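To keep things clear, I will list the structure first and then write my remarks on it.
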Amino acid sequence: MAVPLDHQALDILFTTARTHSHWQDKAIDSVLLQQLYQLVSLAPTSANASPGRFVFITSAAGKEKLKPTLSSGNVEKTLSAPVTVIVASDGEFYERLPQLFPWADARSWFTSSPALAEETAFRNSSLQAGYLILAARALGLDAGPMSGFDAEKVNALFFAESNWKANMLINLGYGEASKLHPRLPRLTFNEACRFA
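Read left to right, the sequence shown gives residues 1 to 196 (the UniProt record's numbering).
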């Protein structure tokens, strides 16, 4: 049986965690990024499909390639972040299902329904993006997820020869806490939830 996390862990993951836009000039080691992915890969997806694909942009050349796809409000925070992750979904994720879900012919579920495959890829890569944010925080990193970019341009620049499609961007690094705005309001339980 799972044991609830203590308050310190909940603070790191949720309570005091924030979306960052300003970054310390501190690099992230590639070993830490590999550890980050290992954690993300362990979290559940539909039929263990794992359609999320991740491009870790760490070089100046990679950032310059990404720059024309960004909305104006996201340029500076992206260029100054040590790492920007393109979270994508693999449109042919089901080709890996014989390996990832060997006890059923799950591949046929998706080859027979392109709409289901597309929906599953998008939904589960979005889920994996959430796991990435939490895993980053658990490893001492800060995150700044963004949707202000031109996905078609990203696809053309980074995925022209694959079946991957951009879902969102997540900046990673060590945030500059002194530049955070006060936390914005959240909906209450009664505003956002109901019992059925």
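Glycine included, C-beta positions come from ideal geometry on N, C-alpha and C. For clarity, every value in this text was computed on a predicted model and none was experimentally measured.
Per DSSP, L39 lies in no beta strand (DSSP E); the unbroken alpha helix (DSSP H) holding it starts and ends at 30 to 42.
With contacts defined as CB atoms closer than 7 Å, L134 and L36 fail to qualify as a contacting pair. Distances from the CA of N167 to each of S178, V154, S80 were compared; the closest alpha carbon is that of V154. The region 12 to 31 and the region 168 to 176 touch, with three or more beta-carbon pairs separated by less than 8 Å.
By the criterion of a C-beta distance shorter than 6 Å, R53 is surrounded in its chain by A88, D90, W164, once the five residues flanking it on both sides are discounted.
Within the same chain, no Cβ atom closer than 7 Å to the Cβ of A196 is found once the five residues on either side in sequence are excluded. Assignment of beta-bridge partners to T15 by DSSP yields no partner. Taking 7 Å as the cut-off, the Cβ atoms of V55 and I86 count as close. At the C-beta level, S50 and G148 stay beyond 7 Å of one another.
Assignment of W164 by DSSP, reduced to helix, strand and coil, places it in the strand class.
Short of 8 Å from the beta carbon of K179, and not among the five residues preceding or following it, lie these beta carbons of its own chain, in chain order: S21, H22.
For A192, the enclosing alpha helix (DSSP H) begins and ends at 189 to 192.
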